[in-house]
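Remarks on the structure that follows.
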Amino acid sequence: MNILKKDKGFTLIELMIVVAIIGIIAGIAIPKFAEMMKRAKESATKGNLGICRTAVAFYYGGNEGIYSYRISGDPPAAPLYEIGGGLADQKWEAANGSPDGIYARGWSEELCADFSPYIRDLPENSISPGQTKEVRSGVWNEPDPGNLPSGNDNGWFYCFRSGKVVVNNNGVDVKGEPYTSW
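Under this note's numbering, read the sequence shown as residues 188 to 369, first letter to last.
Okay, here's the thing in structure tokens:
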């Protein structure tokens, strides 16, 4: 008697169906994973923003209601806000002020020295490109939110008059809200 012997294995059509299903699942999962990575960076940045704000609040409380206003040093501080709206002396990162009396500067390692009893190191801004903690200098004109940071810069933006600290980036988060509104 001759018994029919059946070959074991998958047909080409079965393999193609499995590959197509894996491709569909990957097409759905990869964009979700990328969004989760962005959300994680935003969460880390929000936590670090809270650290910066806490240091400012402790400084304010420990210095009789005065926010850090550091404009001395070598080279001498230069005004960042010019009547024409341009920025000056981007390297030094200190501001004498804007025409309406609002003062601001990029939060940098120099300013962090003022807050050293309350914060050890300048926390990282995870959402901005680059791994450095350098920030772009600039004037934050509080009454005009359109005068907030104008690029995807690193670090933080600090207002002398109010003690506000915001993310130094004009992009939007995954919900579509500006980073500067956090």
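Yeah, the Cβ is synthetic: ideal placement off N, Cα and C, and Gly gets one too.
{"Asked": "Classification of P310 by the beta-carbon crowding that lies within 10 angstroms, buried from 16 upward", "Found": "buried"}
{"Asked": "DSSP state of G363 mapped onto helix, strand, coil", "Found": "coil"}
{"Asked": "C-alpha gap between P218 and S313, whole angstroms", "Found": "20 angstroms"}
{"Asked": "Touch test, the segment 342-356 against the segment 210-227, Cβ-Cβ under 8 angstroms, three pairs minimum", "Found": "no"}
{"Asked": "Top-ranked residue by Cα proximity to G363, from E229, V206, K195 and L199", "Found": "E229"}
{"Asked": "Three-state secondary structure (DSSP) of Y305", "Found": "coil"}
{"Asked": "As assigned by DSSP and simplified to three states, the class of N235", "Found": "helix"}
{"Asked": "Distance between W343 and V129 (C-alpha atoms, nearest Å)", "Found": "No answer is possible for residue 129: it lies beyond the span of the chain, which begins at 188 and ends at 369."}
{"Asked": "Buried or exposed (CB count within 10 angstroms, at least 16 for buried), F302", "Found": "buried"}
{"Asked": "Expected contact under 8 angstroms - CB spacing of R240 and V361 to nearest Å", "Found": "With 8 angstroms as the limit, R240 and V361 do not qualify as a contact, their Cβ atoms being about 22 angstroms apart."}
{"Asked": "Assigned exposure category for N232 - 16 Cβ within 10 Å defines buried", "Found": "The amino acid occupying residue 232 in the given sequence is Thr; Asn does not appear at that position. Buried, since its Cβ has 16 or more Cβ neighbours within 10 Å."}
{"Asked": "Nearest-angstrom beta carbon gap, A242 and Y345 [assumed within contact, 8 angstroms]", "Found": "Actually they do not touch by this definition, with Cβ atoms about 10 angstroms apart."}
{"Asked": "Neighbour-count burial assignment, S315, 16 or more Cβ in a 10 Å radius", "Found": "buried"}
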